[in-house]
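The next block holds one structure in the form of structure tokens; read it before the comments.
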Amino acid sequence: MTVSAEQSDEQSKTQKAMAAILQRMPGFMILLLLLLGFLAPRYTPLTFAAYYIFCNTFLLASTLRTAIGVCFVWFYSYRQHKTNWRNLAETCDTADIRFGEVKHLIVIPNYKENIENLRDTLNVLASHSDAKKSYKICLGMEETELACEEKAKILVSEYKSSFETIEYSVHPAAIPGELRGKSSNVNWASRHMAKSVNTTSEKDAHRYIFTIMDADSCFTNDYFITITATYVMNPDFYSRRLQIFVPFSVFDRNSTNISPFVRQFDVSWSFAQMSYFIPGYYFCPGLSAYSVPFDLAVAADFWATGTDSLGEDTRMTLKLFFASRYRLRMTQIYTPVSQCNIEGSTKSWVSSFYARTVQGKRHNWGGNMNWIYSMRTAISFLFNLSSDTPRLPVSFLTGVPKSNNNGNSKNNNVIAILISCWNACIRWLRYAVVIFHQFEISIWTVHVLAINLLAILFIPHTGPAFLYAFSDAYWSAVNGYSAESNGGNNVDSYLVWIVHITSYIQLAIVPLVVVIAVGFEGLHWWNSVGRWRADEVARRKVEGREDGFGGRVKSLGLRSAVTCKPRQWYNLIEWVLFPLVAIYFVIMLVYVSLMQLFFDRIDYITAAKPSISKTDEGSGSETGGFLLSA
């Protein structure tokens, strides 16, 4: 059906109006919650009690899920090191694509990155066993960086013999309607790569996998082996390409250079991601680094570049999820991507805290934009409205045209209907989980802290004793008499009872946090120290080879030149900062949500990362990443 220019313009206006309304919903809901907390304990106590127990039950469930996820990551990352994925894939008789046929298109977006840092990242990739025969590297440069092409040409010249191919793209400045940053850079670079590979047939395109990473991200060799094996061992051509591969992140390279608070914040970010790493869990979005089948990325029209693309990696996950009509499988990969903690412009705790705040503002803004996008797209799909997200044809998703139903067999039709209903239920369950987590990230995280604070302030004698005077004064103001008058029976009994019961729910969270702390420290030690020692003891594996960077390569490859002292037992003491980190995160989210009531865009700013110099392999601090006007 052809859409007229007038219809297209009207649909665009509808989408913009919907986005504008949804953008203000998180902030509006915070204001509504404040009103609820101020008036509901007295006038609608049942409403307050119901939402109060819901939020705290949600907090308990989320903490339990995180504890389970951390334990699974610890166990599966250990098992991952013991598994020969290449052998499993090469002995798989059901695959219509062989292990050695898969090629990796690795996109490294960067802006004003130190060339030594880029060399470090490329050295790590070049040490991998399949780098020369299956890694195609693209350095995503920015036109606004002076001499970016000269830097790219130097690196291409140095590493042209280390990979199957290495090239670069230059993302132009001032493209109309584009929000400049990682997502738009990756979009440009991935389109550049798509033009340079042989995809004359559907089978050719099926051999390629995009991997997106930050300029300072370091993968071990087994990541690419694992995703290749997982990809080829899936016997179904169509479901194989409807997935995204997501590793978990560990910050293990410069954590001793920053303040304990920022270090604990990044630890919290890391284990929060692991809450999605329960095997088979329906939601596990890409964060910083991930891999997407080439044909799926092309069919979905690559990465988003519009004003709502600030969510970047998770935004791409959501786009693929909706484009695939809820069929996308988010596959957890239990080998970590090594990341650097952010650093300030100077080596001081205040500077690192400021850098964390600047980056946190952007991340939270992007998280809210992801919520807006998911709500807007869900509404558009539900009511068959126009959307900037393509709906992939059923023939791409299943290989069977939607109209292919000739009715030859009644029994077969019944079975097909039952299977179709079951698959539809699974898709809608995935949809519900994805939408739930968008609310979790942007809405309920704030509400959990806020409603507990409101309960302490406005429900008499539920908080610490020094706040009793405040709650009594509030109660007197809204009632005309104090909570203590009439024998202390002016507060609804079931409200007091609910608050009392909920205190046990809150208490149950404490041992779960202990499990998270112990589990995280264990898995962090294993992934940053233990598996490397095990790899050293094992010496050369089947994947080992000679390289140009100093001796034999182990199964994990080389480590980054940016290293620091491993976490020690006394780092457990820093977990006392976790409540402060949670409060800080919520304050930042509240700030961003309220800002979005009045402003539509922010400047795209990333914080500094450690920098390598030729004369000093230690880490310094230099502003890197994008500093772009949005």
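With UniProt numbering, the residue at position 462 of the sequence shown is 462, and numbering never jumps.
The beta-carbon is built from N, C-alpha and C at its ideal position, and this holds for glycine as well.
Alpha helix (DSSP H) segment containing residue i, residue limits
{"i": "Ala119", "result": "For clarity, residue 119 is Arg in the given sequence; the question names Ala instead. Counting along the chain, the alpha helix (DSSP H) containing Arg119 begins and ends at Ile115 to Ala126."}
{"i": "Tyr584", "result": "Phe578 to Met595"}
{"i": "Thr335", "result": "Element bounds for Thr335: not the alpha helix (DSSP H) but the beta strand (DSSP E), Arg329 to Gln339."}
{"i": "Thr389", "result": "Where Thr389 is concerned, there is no enclosing alpha helix (DSSP H), given that its DSSP letter is neither H nor E."}
{"i": "Tyr208", "result": "Not the alpha helix (DSSP H): Tyr208 falls in the beta strand (DSSP E), residues Tyr208 to Ile212."}
{"i": "Ser190", "result": "Lys182 to Ser196"}
{"i": "Trp532", "result": "Arg531 to Ala538"}
{"i": "Val156", "result": "Cys148 to Tyr159"}
{"i": "Phe38", "result": "Met25 to Tyr43"}
{"i": "Lys203", "result": "Glu202 to Ala205"}
Three-way DSSP call (helix, strand, coil) for residue i in this model
{"i": "Arg376", "result": "helix"}
{"i": "Pro610", "result": "strand"}
{"i": "Ile459", "result": "coil"}
{"i": "Lys132", "result": "helix"}
{"i": "Arg552", "result": "Bear in mind that a pLDDT of 39 at Arg552, under 50, signals an unreliable position, so the model cannot answer this."}
{"i": "Ile602", "result": "coil"}
{"i": "Thr165", "result": "strand"}
{"i": "Glu521", "result": "helix"}
{"i": "Phe321", "result": "helix"}
{"i": "Gly344", "result": "coil"}
{"i": "Phe219", "result": "strand"}
{"i": "Gly399", "result": "coil"}
{"i": "Gly140", "result": "strand"}
{"i": "Cys564", "result": "coil"}
{"i": "Val350", "result": "helix"}
{"i": "Val170", "result": "strand"}
{"i": "Ala17", "result": "helix"}
{"i": "Arg362", "result": "helix"}
{"i": "Ser12", "result": "helix"}
{"i": "Phe48", "result": "helix"}
{"i": "Phe474", "result": "Sequence check: residue 474 is Tyr here, not Phe. Three-state DSSP puts Tyr474 in a helix."}
{"i": "Phe383", "result": "coil"}
{"i": "Trp497", "result": "helix"}
{"i": "Phe224", "result": "helix"}
{"i": "Pro511", "result": "helix"}
{"i": "Thr307", "result": "coil"}
{"i": "Thr357", "result": "helix"}
{"i": "Ala300", "result": "coil"}
{"i": "Val491", "result": "coil"}
Reference residue i, options the options, closest by Cα
{"i": "Lys319", "options": "Lys112, Val434 and Pro511", "result": "Val434"}
{"i": "residue 666", "options": "Leu31, Thr63 and Leu36", "result": "Since the first residue shown for the chain is 1 and the last is 630, residue 666 is missing from the structure and cannot be characterised."}
{"i": "Leu594", "options": "Ser442, Ile106 and Asn87", "result": "Ser442"}
{"i": "Pro460", "options": "Gln438, Phe271, Thr331 and Ser476", "result": "Ser476"}
{"i": "Arg567", "options": "Thr226, Ser184, Leu34 and Asn254", "result": "Asn254"}
{"i": "Phe72", "options": "Phe599, Gly519, Pro610 and Lys565", "result": "Gly519"}
{"i": "residue 712", "options": "Leu556, Gly366, Val478 and Ile372", "result": "The question about residue 712 has no answer, for the chain in this structure spans 1 to 630."}
{"i": "Gly220", "options": "Thr502, Asp130, Arg601 and Phe436", "result": "For the record, residue 220 in the displayed sequence is Thr; it is not Gly. The residue with the shortest Cα to Cα distance from Thr220 is Asp130."}
{"i": "Ser12", "options": "Glu150, Thr377 and Ser324", "result": "Thr377"}
{"i": "Leu179", "options": "Gly311, Asn341 and Cys421", "result": "Gly311"}
{"i": "Ala582", "options": "Leu59, Trp526 and Ala147", "result": "Leu59"}
{"i": "Ser77", "options": "Ser338, Pro511 and Tyr334", "result": "Tyr334"}
{"i": "Leu572", "options": "Ser268, Phe353, Pro336 and Phe322", "result": "Ser268"}
{"i": "Ala229", "options": "Tyr238, Trp365, Ser387 and Phe245", "result": "Phe245"}
{"i": "Arg315", "options": "Asn370, Ser345 and Gln339", "result": "Asn370"}
{"i": "Tyr354", "options": "Ala416, His447 and Ile258", "result": "Ile258"}
{"i": "Tyr604", "options": "Asp492, Trp575 and His363", "result": "His363"}
{"i": "Asn198", "options": "Glu113, Phe28 and Tyr208", "result": "Tyr208"}
Residue i at chain D interface by Cβ criterion, 8 Å
{"i": "Phe470", "result": "Checking the listed chains, one finds no chain D in this structure; it contains a single protein chain."}
First through last residue of the beta strand (DSSP E) which encompasses residue i
{"i": "Gln243", "result": "Gln243 to Phe251"}
For residue j and residue i, believed in contact at Cβ under 8 Å, the rounded distance
{"i": "Ser217", "j": "Ala289", "result": "5 Å"}
{"i": "Met588", "j": "Gly360", "result": "5 Å"}
{"i": "Tyr468", "j": "Phe458", "result": "Going by Cβ atoms, the distance from Tyr468 to Phe458 rounds to 12 Å, so no, they are not a contact pair."}
{"i": "Tyr168", "j": "Ala194", "result": "In fact, because the Cβ distance is near 15 Å, the residues do not count as touching under 8 Å."}
{"i": "Arg241", "j": "Pro293", "result": "4 Å"}
{"i": "Gln264", "j": "Phe585", "result": "Gln264 to Phe585, Cβ: 11 Å. No contact."}
{"i": "Ser239", "j": "Val337", "result": "Wrong, their Cβ atoms sit about 25 Å apart, outside the cutoff."}
Heavy atom of the ligand SAM within 7 Å of residue i beta-carbon
{"i": "Ile417", "result": "Looking for the ligand SAM in the displayed structure turns up nothing, as the structure carries no ligands at all."}
Check your understanding: Which runs of the alpha helix (DSSP H) fall wholly inside the region 55-110 and span at least 4 residues, in chain order?
Key -> 85-90
Exercise for review: Could you tell me which uninterrupted alpha helix (DSSP H) segments, each at least 4 residues in length, are contained entirely in the region 228-296, listed from first to last along the chain?
Suggested key: Counting only runs that start and end inside the region 228-296, the alpha helix (DSSP H) elements of at least 4 residues fall at 237-240 and 260-274.
Practice item. Ignoring anything shorter than 3 residues or poking outside the region 416-459, list the beta strand (DSSP E) runs there in chain order. Key: none
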